[in-house]
Amino acid sequence: MSVLRARNIAYRRGGRTILDRVTVEVGPGQMLAVSGPSGSGKTSLLLIAAGLMPADEGEVLLDGVPVAEWSSQARASIGVILQTYGLMPFLTAEENVALPMQARRMPRAAIEEAASTALEEVGLAGTRHRLVSELSGGQKQRVALARAIAGEPEVIIADEPTSELDPENRDRVIKLLVAKASAGSAVAVASHDRHVTAACHRVIRLVHGHVVPGEPRR
Ligand SMILES: Nc1ncnc2c1ncn2[C@@H]1O[C@H](COP(=O)(O)OP(=O)(O)OP(=O)(O)O)[C@@H](O)[C@H]1O
Ligand SMILES: [Mg+2]
C-alpha cells in the first residue's frame, strides 16, 4: 500500500512554464483523474510523478521517499501506461507485458501467470502471441495497460488509457482500473473522457499548467 505525492511541481521548457507549482497526491484505494485541455501539462505531470522525468522544482515522494532515493523495487512498484504506449513492436503482446516483471526478477512461472491474467483482464487472451507491430491501435493500448497492471503494482499511472478504445473496451478498462483501486492500488489517470473522470474519486483540472479548483466530477 503506497502513497504517491508530487508537491509544488514546477516544470519549464523553452522559456515556457509547463507546470506551475502543481501538487497532487494519490493513495491506496484512490483513483485520481487529471483532466484539462490538450497541452495543459497532464502528461508532463504524470511523467514527473512516475519518476520518469525530473521536475525543475518541487518534490516527488513515494511513501515519503524522494524520487532520487527510490530503489529499483520502489520504481518497479509503479505501473505506467504512456500516452505513446512505449511497446516493443518486435516482441509479442505477452513478451511486452512480461518485460517489467523480468526487470524485477520475478520467477518465470509467476511472470507467465501474471502476464496471462493481465492480458485476459484487458480482453486480449487470444492475442498474446501476436507481434505488437501487427496489432491495432486499441489493441496496443490494451497491451500497454496489461503491462502496467501485471504483477499487482502499488501505484498505476495511466496517461489517456482509453483514447483509442470503442465504448465496450473503454468500459472494460474503466472497470479494471476501478477494481485495481478497490484492491488497494493508488491509481492516477490523465483523461478528458468524462466516462473516466466520472469513475474517479477525485478530479483535478489543469489549465496552462495550473490547477483550476472546483472542477465538477464529470
Ligand atoms: N520538452 C519539452 N520542450 C518544450 N515544450 C514541451 C516539452 N514537453 C512538453 N512541452 C509543452 O508543454 C505543454 C504540455 O504538454 P503535455 O504533453 O504535458 O500536455 P497534455 O496535457 O498531456 O496534452 P495532451 O492532452 O495533448 O496529451 C505543451 O504545450 C507541450 O508542447
Ligand atoms: Mg498528454
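Numbering-wise (our numbering), the sequence shown opens with residue 1035 and increments by one.
Beta carbons are placed, not taken as given, at the ideal position from N, Cα and C, and that holds for glycine.
Nearest in C-alpha terms to S1072, of all of I1208, T1231, H1226 and A1127, is H1226.
In this structure, E1198 has its beta carbon at no less than 8 Å from each heavy atom of ligand 2. Around the beta carbon of E1128, 16 or more other beta carbons sit within 10 angstroms, so the residue counts as buried. Here the C-alpha atom of I1112 lies approximately 20 Å from the C-alpha atom of G1092.
Look at S1111 here: in three-state DSSP terms it is coil, with no helix or strand label. Under the three-pair Cβ rule at 8 Å, the region 1229–1241 counts as touching the region 1055–1072. Taking a contact as a CB-CB distance under 8 Å, the pair Q1173 and L1158 counts as one, their CB atoms being some 6 Å apart. Each of K1076, T1077, Q1117, D1193, E1194 and A1224 has a C-beta closer than 7 Å to some heavy atom of ligand 2; these make up the full list, in chain order. At least one heavy atom of ligand 1 is found less than 8 Å from the C-beta of G1243. DSSP places L1080 outside any beta strand (DSSP E); the residue lies instead in the alpha helix (DSSP H), whose first and last residues are K1076 to A1083.
Three or more beta-carbon pairs drawn from the region 1179–1191 and the region 1143–1157 are found closer than 8 Å, and the two stretches are therefore classed as touching. Of I1082, I1191 and P1201, the smallest CA-CA separation from L1211 is found for I1191.
Linking A1144 to A1132 through their CA atoms gives a straight-line distance of about 10 Å.
Taking all protein chains shown into account, T1118 has fewer than 16 neighbouring C-beta atoms within 10 Å of its C-beta and is therefore exposed. Around the C-beta of S1219, 16 or more other C-beta atoms lie within 10 Å, and the residue is accordingly described as buried. Taking a C-beta distance under 9 Å as the contact criterion, V1056 and A1044 qualify as a contact pair.
Looking from the CA of L1096, the closest CA among A1084, A1232, P1134 and P1088 belongs to A1084.
Ranked by Cα distance from V1101, the first of V1223, N1203 and A1040 is A1040. Between E1194 and A1224, the C-beta spacing is below 9 Å. Leaving aside the five residues that flank I1208 on each side, the residues in its chain whose CB is nearer than 8 Å to its CB run, in chain order, T1196, H1229, V1230 and A1233. Ranking G1160, L1116 and R1050 by CA distance to the CA of I1082 puts L1116 first.
Burial state of E1202 is exposed, judged by a 10 Å Cβ sphere holding fewer than 16 other Cβ atoms.
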